[in-house]
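**Student:** Take this structure, written in structure tokens, and hold onto it; I'll ask about it next.
Spelled out as structure tokens, the structure:
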């Protein structure tokens, strides 16, 4: 066909297809990679590729198999896994997922963290956080410290404080280190003694649970029902009942007083009229009262609660304890 002006004009390559191949050697394997994607996603490689040549007589690394760019200290399978995400195949795109093993995803996390490939790093974190690659608590602690994933550190430590029957203390120390294991055991001990208990009291031949009345909480606001000490209302008794006194009051045994739970507490549910004076064995509350925290009226037939565990949910309490004890490390990972 006759030539045209367009045929004689210099051909242009669209920018997205201007591929320049660079050759890396990782371990005993060579990888030929389009450098543009690496430079675009990784500031580390962008800086590497922008370094000026030292002279025309010097061979530029990465242009031939005989003179590749050496990535020493890395595993070829880790680098290959990273490249699989950077350069997915058509089959990967049709399938909608990248078929990598758990160790390969961990390798991707390692390299993407080191080379500041943030998109792939976040994708690796999300993938390893979900099924089928859900990490164990000790794996989360270990990998969090190696690859700066603050959320994993907190999640792993909270799970370990909760306890794992299959993990001995020696195994815990081996997994997280002596200092961390010591702190975890300390938090476990604190959690074990933080719970309230109802001690029995023998009254008229029957056992009834005793309690400090100052621990009673409102069913509506979860605040403390009483703020000031109480006095038995019966004229023949008039005993003062300190709010923090164990055994100053007790709960009359009743089928209506039960251990219950909700999203934020495990508690003993008690009717006001079942609160009894330990001195005279008569009811302490004879008429409706107002909650000292929210001022809501509480009838004698309504319930209050005595927390058997912290009003904060156990998981929230553990999380707050971990944040306090490991604050410095968590703050460092958050930077």
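Numbering (UniProt numbering), first residue to last: 1 to 335. A virtual CB, placed ideally from N, CA and C, is assigned to each residue, including glycine. Because the structure is a prediction, the values reported are computed rather than measured.
Sort 22, 188 and 302 by Cα distance to residue 49 and report the nearest one.
**Tutor:** For the purposes of this step, residue 49 is identified with residue 49 of the chain shown, where counting begins at 1. For the residues 22, 188 and 302, the minimum Cα distance to residue 49 belongs to 22.
**Student:** Kindly give me the distance between the Cβ atoms of residue 249 and residue 272, rounded to whole angstroms, as I take these residues to be in contact under 8 Å.
**Tutor:** Numbered from 1 along the chain shown, position 249 holds the residue referred to as residue 249. Numbered from 1 along the chain shown, position 272 holds the residue referred to as residue 272. Not a contact, Cβ separation roughly 11 Å.
**Student:** Note down the Cα distance separating residue 168 from residue 128, rounded to an integer number of angstroms.
**Tutor:** Stepping through the chain shown from its first residue, residue 168 is reached at position 168. Stepping through the chain shown from its first residue, residue 128 is reached at position 128. About 25 Å.
**Student:** Starting from residue 132, trace the alpha helix (DSSP H) both ways and give me its first and last residue.
**Tutor:** Walking along the chain shown from the start, residue 132 turns up at place 132. First-last for residue 132: undefined, no H or E at that position.
**Student:** Could you give the distance in angstroms between the alpha-carbon of residue 181 and the alpha-carbon of residue 325?
**Tutor:** Position 181 of the chain shown, counting from 1, holds the residue named residue 181. Position 325 of the chain shown, counting from 1, holds the residue named residue 325. Whole-angstrom Cα-Cα distance: 12 Å.
**Student:** According to DSSP, is residue 271 part of a helix, a strand, or is it coil?
**Tutor:** On the chain shown, position 271 is the one that residue 271 refers to. Strand.
**Student:** Might you give, ordered along the chain, the residues of its own chain that have their beta carbon closer than 8 Å to the beta carbon of residue 193, omitting 5 neighbours on each side?
**Tutor:** Stepping through the chain shown from its first residue, residue 193 is reached at position 193. Bear in mind that the predicted position of residue 193 carries a pLDDT of just 38, short of 50, making it too unreliable to give a figure here.
**Student:** Cβ atoms of residue 42 and residue 339: under 7 Å apart, would you say?
**Tutor:** With the chain running from 1 to 335 in the structure shown, residue 339 is simply not present.
**Student:** Just reading off the alpha helix (DSSP H) that residue 242 is part of, what are its end residues?
**Tutor:** Taking the chain shown and counting its residues from 1, the one referred to as residue 242 is at position 242. Taken as a continuous stretch (DSSP letters only), residue 242 belongs to no alpha helix (DSSP H), as it is neither H nor E.
**Student:** First and last residue of the alpha helix (DSSP H) that includes residue 303?
**Tutor:** Within the chain shown, numbered from 1, the residue matching residue 303 stands at position 303. Residue 303 -> not in any alpha helix (DSSP H); beta strand (DSSP E) instead, spanning 303 to 307.
**Student:** Taking 7 Å as the threshold (C-beta atoms), are residue 218 and residue 290 in contact?
**Tutor:** Against the chain shown, residue 290 aligns to sequence position 290. Against the chain shown, residue 218 aligns to sequence position 218. No, these two residues do not count as a Cβ contact at 7 Å.
**Student:** Identify whether residue 140 lies in helix, strand or coil by the three-state DSSP scheme.
**Tutor:** As a working mapping, residue 140 is identified with position 140 in the chain shown. If DSSP states are grouped into helix, strand and coil, residue 140 belongs with the helices.
**Student:** Could you tell me the distance, in whole angstroms, from the CA atom of residue 11 to the CA atom of residue 33?
**Tutor:** Residue 11 sits at position 11 when you count from the first residue of the chain shown. Residue 33 sits at position 33 when you count from the first residue of the chain shown. The straight-line gap from Cα to Cα measures roughly 24 Å.
**Student:** Would you check if the distance between the CB atom of residue 65 and the CB atom of residue 30 is smaller than 7 Å?
**Tutor:** For this step, residue 65 is matched to residue 65 along the chain shown. For this step, residue 30 is matched to residue 30 along the chain shown. For residue 65 and residue 30, yes; Cβs fall inside 7 Å.
**Student:** With H, G and I counted as helix, E and B as strand and the rest as coil, what does DSSP make of residue 219?
**Tutor:** For this step, residue 219 is matched to residue 219 along the chain shown. Three-state DSSP puts residue 219 in coil, outside helix and strand.
**Student:** Can residue 111 and residue 78 be called in contact, C-beta distance under 7 Å?
**Tutor:** The residue you call residue 111 lines up with position 111 of the chain shown. The residue you call residue 78 lines up with position 78 of the chain shown. Yes, the pair counts as a contact, with Cβ atoms nearer than the cut-off.
**Student:** Starting from residue 326 and walking both ways along the beta strand (DSSP E), at which residues does that stretch end?
**Tutor:** The residue labelled residue 326 in the question sits at position 326 within the chain shown. Premise fails: residue 326 is in no beta strand (DSSP E) and is neither H nor E.
**Student:** In chain order, what residues of the same chain lie with their CB nearer than 7 Å to the CB of residue 285, ignoring the 5 residues before and after it?
**Tutor:** Residue 285 sits at position 285 when you count from the first residue of the chain shown. Taken in chain order, the residues that qualify are 272, 273, 275 and 300.
**Student:** Using a Cβ-Cβ cut-off of 6 Å (strictly less than) and excluding sequence neighbours within five positions of residue 120, which residues of its own chain qualify?
**Tutor:** Position 120 of the chain shown holds residue 120. Taken in chain order, the residues that qualify are 85 and 112.
**Student:** At what residues does the alpha helix (DSSP H) containing residue 156 begin and finish?
**Tutor:** Residue numbering aside, residue 156 sits at position 156 when the chain shown is read from its first letter. In the DSSP assignment, residue 156 falls within the unbroken alpha helix (DSSP H) covering 150 to 162.
**Student:** Between which two residues does the alpha helix (DSSP H) holding residue 108 run?
**Tutor:** The residue labelled residue 108 in the question sits at position 108 within the chain shown. Its alpha helix (DSSP H) spans residues 102 to 114.
**Student:** Helix or strand or just coil, what does DSSP make of residue 195?
**Tutor:** By 1-based counting over the chain shown, the position of residue 195 is 195. Confidence in residue 195 is poor, its pLDDT being 47 and thus under 50, which makes the residue's placement unreliable; the coordinate value appears in the next sentence. If DSSP states are grouped into helix, strand and coil, residue 195 belongs with coil.
**Student:** Grab the span of the alpha helix (DSSP H) containing residue 171 for me, first residue to last.
**Tutor:** Residue mapping note: residue 171 aligns to position 171 of the chain shown, counting from 1. Segment 169 to 176, the alpha helix (DSSP H) holding residue 171.
**Student:** Looking at residue 320: is its Cβ nearer than 7 Å to the Cβ of residue 267?
**Tutor:** Working through the chain shown from its first residue, we reach residue 320 at position 320. Working through the chain shown from its first residue, we reach residue 267 at position 267. Taking 7 Å as the Cβ cut-off, residue 320 and residue 267 do not qualify as a contacting pair.
**Student:** I need the DSSP call for residue 209, collapsed to helix, strand or coil.
**Tutor:** By 1-based counting over the chain shown, the position of residue 209 is 209. It is a strand residue.
**Student:** Measuring only the C-alpha atoms, how far is residue 138 from residue 160?
**Tutor:** If you number the chain shown from 1, residue 138 lands on position 138. If you number the chain shown from 1, residue 160 lands on position 160. So the two alpha carbons sit approximately 8 Å from each other.
**Student:** If you draw a straight line from the alpha carbon of residue 150 to that of residue 186, how long is it in whole angstroms?
**Tutor:** Stepping through the chain shown from its first residue, residue 150 is reached at position 150. Stepping through the chain shown from its first residue, residue 186 is reached at position 186. Near 21 Å, if we compare the C-alpha coordinates of residue 186 and residue 150.
**Student:** Quick one: give me the first and last residue of the alpha helix (DSSP H) that residue 40 is part of.
**Tutor:** Here residue 40 refers to the residue found at position 40 when the chain shown is read from its first residue. Counting along the chain, residue 40 sits inside the alpha helix (DSSP H) bounded by residues 35 to 41.
**Student:** In terms of residues, what are the limits of the alpha helix (DSSP H) holding residue 224?
**Tutor:** Within the chain shown, residue 224 is the residue found at index 224, counting from 1. Where residue 224 is concerned, there is no enclosing alpha helix (DSSP H), given that its DSSP letter is neither H nor E.
**Student:** Measuring alpha carbon to alpha carbon, tell me which of 269, 69 and 244 ends up nearest residue 227.
**Tutor:** Here residue 227 is taken as the residue at index 227 of the chain shown, counted from 1. Answer by Cα proximity: 244.
**Student:** Name the DSSP bridge partner or partners of residue 320?
**Tutor:** Translated into positions along the chain shown, residue 320 becomes position 320. For residue 320, which the question treats as bridged, DSSP gives no partner whatsoever.
**Student:** From what residue to what residue does the beta strand (DSSP E) around residue 117 run?
**Tutor:** Counted from its first residue, the chain shown places residue 117 at position 117. From DSSP, residue 117 is part of no beta strand (DSSP E); its letter is neither H nor E.
**Student:** Can you check DSSP and say which residues form a bridge with residue 25?
**Tutor:** Reading the chain shown from its first residue, position 25 is the one you call residue 25. Residue 25 is bridged to 30 and 70.
**Student:** Among residues of its own chain, excluding the 5 on either side of residue 92, which ones have a beta-carbon nearer than 7 Å to its beta-carbon?
**Tutor:** Residue numbering aside, residue 92 sits at position 92 when the chain shown is read from its first letter. Around residue 92: 98.
**Student:** What would DSSP say about residue 51, mapped onto helix, strand or coil?
**Tutor:** Within the chain shown, numbered from 1, the residue matching residue 51 stands at position 51. The answer is coil: DSSP assigns residue 51 none of H, G, I, E or B.
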